[in-house]
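Numbering (our numbering), first residue to last: 244 to 585.
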Ligand code: SAM
Ligand code: SF4
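Dropping the structure here:
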């Protein structure tokens, strides 16, 4: 007899068909943002109606269902996660899993605009490290890239995070003709404040205003150029994400490269992504997805939800296959990064 007890039991850790242990969940808590970065969004976006969003309580329940199945790292992202109303409630709720030891890390990726307000409260919830996106040190270029962002405000955010004792990692998207000549300065800036810097290639996700082939700058070129200025030494350091790191001898700091376009990093992929409507994407670069909102809402216990999670993980694909195609000019994946969560 299949007892209720048996149905409620989480069925162990999440292992995909290629033997990869899914231990990392990224959660996009909103698709909205107070910036409009040129590589991420068009200027006039249509966002999801608020009624389609999961409540913060539902997001907590979903995240907790993954923690029950051995997820050890949760990254809250978006859109801009810190513009979601009452978002601190979710961090406070999830911090119980840090206290119990079930979760190793609760973290977030942010554009930094709300950090002056929230940095200390995040640290109080047990957040230890955060990723802050910063593509340039020039206020005018910053405005050109983010369209709506204010450089001084983000710098205040980074300072507030450091003051609250958060370990900051800077993420910068490498953009042809826009910030490519600043990258050595970004290295000095980040390392000068004890922060790692990670460089990211633009990925073809969602329609933006303009042509992505104009933005794309292979990191192989960036790396070769940096070697004119710095001595780079490959190191085995990993953060659980897809970045490959070098140590910069002159600064003593770490520099990461995320190269979805020039190198396939899928063989060690340990993560899945949940949207704010409860859709689970098993790969950032594929359309296939699983609806977790229906089983979540269908019953107050997690049996149906856990079955749906198992079914989704059994479909996790081997990898993505991004191409920036000059002829078709279509994004490889229709949804924006702000929907799936970067
Ligand atoms: N709003 C937050 C931020 O900007 O940090 C979190 C969400 S944002 C989608 C997460 C990361 O994705 C950012 O570092 C951003 O630069 C990056 N990103 C957005 N669109 C991208 C694209 N098309 N290709 C590569 N990286 C992208
Ligand atoms: Fe907003 Fe982040 Fe996308 Fe920029 S990259 S538009 S800050 S979600």
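We put the CB at the ideal spot given by N, CA and C, even for glycine. As the structure is a computational prediction, the values presented were derived from the model and not from experiment.
Residue 428 has no beta-bridge partner at all, per DSSP. If you look at residue 350, you'll find it isn't in any alpha helix (DSSP H); it sits in the beta strand (DSSP E) that goes 348-353.
In the structure shown, residue 452 adopts coil according to DSSP, grouped into three states.
Secondary structure remark: continuous beta strand (DSSP E) runs of at least 3 residues inside the segment 295-350, in chain order: 316-320. Contact fails between the segment 305-315 and the segment 351-363, because fewer than three Cβ pairs, one in each stretch, are under 8 Å apart. Take the alpha-carbon of residue 389 and the one of residue 544: they are about 42 Å apart.
Between residue 516 and residue 415, the alpha-carbon positions lie close to 21 Å from each other. Relative to the non-hydrogen atoms of the ligand SAM, the Cβ of residue 414 comes within a distance shorter than 8 Å of at least one.
Bridge pairing for residue 271: 320 [DSSP]. DSSP places residue 410 in the uninterrupted beta strand (DSSP E) bounded by 410-416.
Leaving aside the five residues that flank residue 278 on each side, the residues in its chain whose CB is nearer than 6 Å to its CB run, in chain order, 354, 389, 391 and 392. Residue 550 and residue 557 have their alpha carbons spaced roughly 11 Å apart. Annotated as distal: residue 440 and residue 448, with beta-carbon spacing of 9 Å or more.
In this structure residue 282 is buried. Its beta-carbon is surrounded by 16 or more other beta-carbon atoms within 10 angstroms. A residue is called buried once 16 or more other Cβ atoms fall within 10 Å of its Cβ, and residue 453, having fewer, is exposed.
Secondary structure note for residue 520: it is in no alpha helix (DSSP H), with a DSSP letter that is neither H nor E.
In this structure, residue 540 and residue 268 do not form a Cβ contact; the two beta carbons are roughly 19 Å apart against a cut-off of 8 Å. The shortest CA-to-CA distance from residue 387 to any of 399, 409 and 418 is the one to 418. Taking a cut-off of 8 Å for Cβ pairs, the segment 398-405 and the segment 364-379 touch, as three or more such pairs fall below it.
Residue range 487-491 is occupied by the beta strand (DSSP E) that includes residue 490, with no alpha helix (DSSP H) assigned at that position. For residue 438, same chain residues with a beta-carbon under 7 Å away, outside a window of 5 residues either side, are 411, 412 and 413 in chain order.
Pairing residue 394 with residue 294, the inter-Cα distance amounts to about 33 Å. If you ignore the 5 residues before and after residue 337, its C-beta comes within less than 7 Å of the C-beta of 303, 306, 317 and 349, all in its own chain and listed in chain order.
Taking all protein chains shown into account, residue 524 has 16 or more neighbouring C-beta atoms within 10 Å of its C-beta and is therefore buried.
The beta carbon of residue 378 sits closer than 8 Å to at least one heavy atom of the ligand SAM.
In the structure shown, the three-state DSSP call for residue 441 is strand. Assigned with DSSP and collapsed to three states, residue 500 falls in strand. Relative to the non-hydrogen atoms of the ligand SF4, the Cβ of residue 354 comes within a distance shorter than 8 Å of at least one.
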